[in-house]
Amino acid sequence: MEKKNLALNIENLSVKYKIYEGILEVIPGLSMHVEQAERVGLIGETGCGKTTVLKSAAAVLQSPPAIVHKDAIEVCGVSVDGKKGLRSVRRNVSMIFQDPSSSLNPTLKISTQMTDILKSQFPGKRKAEYGQMMLDALDSVSMPAPERVLGSYPVQLSGGMRQRVCIAMALMKDTNLMLADEPTTALDVTIEEQILDLLDKLVREKKKSLILVSHALGAIRKITDRVYVMYAGNVVEVGKTKEVFEHPHHPYTIGLMAATPKLTGSGIADGIAGDIPSYINPPKGCRFASRCPRCTQECLEAPPILADMEDGRQVACHHAGEEAAV
Amino acid sequence: MSENVIQIKNLTKQFKTKFGTLTAVDDVSFDIRRGENFGLVGESGSGKSTIGSMIVGTYGPTSGSITFRDEIDISRSSQSREPSLKQQIQLVFQDPGGSLNPRKTIRQILSVPVQLYAGKRLTTAEVEARIKGILEQVGLPVHYLDKYPRAIGGGEKQLVCVARALAANPQFIVLDEPTSALDVSIQAKITNKLIELQKKNDLSYLFITHNLCLVRNMCDRLAVMYLGSICEYADTAEFFENPRHPYTQMLLASIPVLSDEEERLKPQKIKSIGEIPSPLNKPKGCPFHPRCPFKKDICSQDTPQMREVSPGHFACCHCI
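Going down the list, the protein sequences come from chains B and L. Its first residue numbered 1148, the first sequence is counted upward by one per residue in our numbering. Its first residue numbered 1416, the second sequence is counted upward by one per residue in our numbering.
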């Protein structure tokens, strides 16, 4: 694979947090990549390190408390380190956050906040030109009554409208890579569908790369090509989204899919017993071992490595390919 | 033996706000049968939690009535209710972290309802025995009694909340989004536990949620709310096979699902458009008409009445 064509390349990232109780070894060693115009999903439950990965990619992880080691993090072929790297990140990455109400400044009008971005991206234009650009941006996210929205404060807009404003702001920058951190979790289902459709359409049209982070499995299935499944800081399964959802290989992915209530009314599986292990002194072997139905002595001793399987899937499990056992 | 645990008739609740009168619940009627798990579904601001609050008596309704077990009128706030009545109706909240006192141990939290509703003075040993019994029922180990809420996981906290409700020995529990703050693997555990407890203790539930897939797998009957009114009300199986109201079709069509098999079960013809209007500024006529793809002139004039479209299946729409 030609590395230069990757929108994002993370190699062997490890993140620890130093806190009062000790050192949290959140991410022991993670690699992922996103190709140009590829839409990648990142699934995992609360506290599995999804947001930490995203923040490292955007170079906004606060350090300290975070202690970061890595072989490489490259956005569009440029390392994110140093001033030059940061400039490249700012030029190439835009981000959408989970909670649209707290990612907008409540004391400033929408127009002021949007102009700020435009001024930094396209300096030296006239006010009327900025105004037209803002209207175009709001139009592209199908915002009803964009003029009124520009003159409003965030509190005067509904949750769905605020998220549309955030997406419009992320799109105004002509970036290659869009990072969406649970963009629809705070919204109702009918609005969620609209926002996902919108995101899908815009990313396709403008040929952008997207990382969609979510714990809502359905949302990931709907708009991504490839998916990374994370558990306790490790990537446990990687593959084409459709295939992973149809035939999950890793016992955690299998459990997660089974625990999600289905429209078919087939009842709810018992979920996965137990909890995520503590990040202070994490288990030396597989981090999923204590909750895993396939666990053997080998799993307690050595952490599994993400390995290729015959069907092009990558799975981190000592017992990959033993589906019948579950 | 009574058949209905809760009977709600023409229930309306209005709140006075700085910006005018907000009608949170508008002329709602339904009943919950004994031993039933009744689902109340709706998006945020549809008034589902307001109904739950009125049943437990956080506040009384503006008009209409709520009847408990076909005989006791409970359309008033809980201050004026008998203790024996309060005991029989309990509540589990959405956020388990926020609804447990962080300064008290699990033992202290559970001993309050046990002592309060025992009807006589209990010795310490008796209280202890009952608490341990309840904890065992919800499937938590006994050594948790001396822990503080912060020391246990989110799912376990919710089990403590369920245990606290059970400690009163109720007949009816209002579950207000009990699993929306939890991860799916934990959600599955809690919902299965709730179903098991219901069968064992002959309980009836009002299950308030926005997750239709969960209702599909848990509830016997359900009602869908939109802007304070019920728009459809049916048996679960019948509802999912044959949704009649345009809003419920839109709601079903917009659920993100996990397989092609489920995709085929969704009504396809409806695309989600528009936003939920503010309940302060409700549309005239049918509350759903500004977003409805099938709207006619009558929809913006007259409020539709609830009609029985097939046995036991009610919908509130001019176009059916």
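Backbone N, C-alpha and C define an ideal beta-carbon position, used for all residues, glycine too. Fair warning: this is a prediction, and the values are worked out from it, not measured in the lab.
*Roughly how many angstroms separate the alpha carbons of SER1468 of chain L and GLY1229 of chain B, rounded to a whole number?*
55 Å
Exercise. Kindly list, in the order they appear in chain B, the residues whose Cβ is closer than 9 Å to that of ILE1466 of chain L.
Key: By Cβ distance, chain B contributes nothing, its closest Cβ being about 18 Å from ILE1466 of chain L, past 9 Å.
Exercise. Give a yes or no on whether 9 Å exceeds the smallest Cβ distance from GLY1412 of chain B to chain L.
Key: yes
Taking 7 Å as the limit between beta carbons, can you name the residues of its chain near GLU1678 of chain L, skipping five residues before and five after?
Answer for GLU1678 of chain L: VAL1672, listed in chain order.
- Quick one: using the 10 Å Cβ neighbour count with 16 as the cut-off for buried, is GLY1271 of chain B buried or exposed? Within a 10 Å sphere around the beta-carbon of GLY1271 of chain B sit fewer than 16 other beta-carbons, which makes this residue exposed.
At least one CB of chain B closer than 9 Å to the CB of GLY1512 of chain L: is that the case? False, the Cβ-Cβ gap to chain B never drops below 9 Å.
**Study point:** VAL1207 of chain B, buried or exposed, once every other Cβ within 10 Å from all chains shown has been counted against 16
**Key:** exposed
query = Among the residues of its own chain, which have a CB less than 7 Å from the CB of LYS1424 of chain L, if the five just before and after it don't count?
reply = The answer, listed in chain order, is SER1444, GLY1479 and SER1480.
### Query
THR1438 of chain L and LYS1699 of chain L: beta carbons closer than 9 Å?
no
Q) Just curious, the beta strand (DSSP E) that ASN1323 of chain B is in, first and last residue? A) ASN1323 of chain B -> no beta strand (DSSP E), and no H or E assigned at all.
Taking HIS1704 of chain L as the reference, which of L:SER1725, L:GLN1683, L:MET1665 and L:LEU1680 has the closest Cα? Closest in C-alpha terms to HIS1704 of chain L, from the list L:SER1725, L:GLN1683, L:MET1665 and L:LEU1680, comes L:MET1665.
- Query: CB VAL1542 of chain L to CB GLN1530 of chain L, shorter than 9 Å?
  - Reply: Yes, Cβ-Cβ distance for VAL1542 of chain L and GLN1530 of chain L is below 9 Å.
For LYS1431 of chain L, the three-state DSSP class (helix, strand or coil): strand
Worksheet item: How long is the line joining the alpha carbons of ALA1472 of chain B and VAL1383 of chain B, rounded to whole angstroms?
Response: Unreliable placement is indicated for ALA1472 of chain B, whose pLDDT of 43 sits below 50; the coordinate value is still reported in the next sentence. Going from the Cα of ALA1472 of chain B to the Cα of VAL1383 of chain B covers about 18 Å.
For ILE1243 of chain B and ILE1157 of chain B, believed in contact at Cβ under 8 Å, the rounded distance
Their Cβ separation, rounded to whole angstroms, is 19 Å, which puts ILE1157 of chain B and ILE1243 of chain B out of contact at 8 Å.
* **Interface residues of chain B facing ASN1616 of chain L [CB-CB closer than 7 Å]** => Here the premise fails: no neighbours, minimum Cβ distance about 20 Å.
Name the chain L residues whose beta carbon is nearer than 8 Å to that of PHE1392 of chain B? LEU1673 and SER1674
| task | Please compile the residues from chain B whose C-beta is within a distance smaller than 8 Å of the C-beta of SER1600 of chain L. | result | By Cβ distance, chain B contributes GLU1192, GLY1402, LEU1403, ALA1406, GLY1418 and ILE1419.
- Query: Along chain B, which residues have their Cβ under 8 Å away from the Cβ of PHE1508 of chain L?
  - Reply: By Cβ distance, chain B contributes nothing, its closest Cβ being about 19 Å from PHE1508 of chain L, past 8 Å.
Practice task
State yes or no: is the beta carbon of THR1482 of chain L nearer than 9 Å to at least one beta carbon in chain B?
Solution key: no
> Are PRO1661 of chain L and CYS1576 of chain L touching if we call contact CB-CB under 9 Å?
Replying inline: Their beta carbons are not under 9 Å apart, which means PRO1661 of chain L does not touch CYS1576 of chain L by this criterion.
Buried or exposed for ASN1159 of chain B, going by 16 or more other Cβ atoms inside 10 Å? exposed
So with CB distances below 7 Å, who are the chain A contacts of THR1337 of chain B? Protein chains in the displayed structure are B and L, and chain A is not among them.
Range covered by the beta strand (DSSP E) that runs through ALA1154 of chain B = 1153–1166
| request: Return the bridge partner residues of ILE1421 of chain L from the DSSP annotation. | output: L:ILE1447 and L:PHE1483
Problem - Minimum Cβ-Cβ distance from ASN1419 of chain L to chain B less than 9 Å - result: no
Inter-residue CB distance, ARG1631 of chain L and LEU1410 of chain B (contact presumed, cutoff 8 Å) = 6 Å
Exercise for review: Compare the C-beta of GLY1435 of chain L with all C-beta atoms of chain B and state if any pair is closer than 9 Å.
Suggested key: no
Check your understanding: On the three-state DSSP scale, how would you describe VAL1462 of chain B?
Key -> strand
By the DSSP assignment, the alpha helix (DSSP H) with ASP1344 of chain B in it spans what residues? Note, ASP1344 of chain B: alpha helix (DSSP H), 1336–1352.
Report task. Quick one: using the 10 Å Cβ neighbour count with 16 as the cut-off for buried, is ASP1561 of chain L buried or exposed? Result -> exposed
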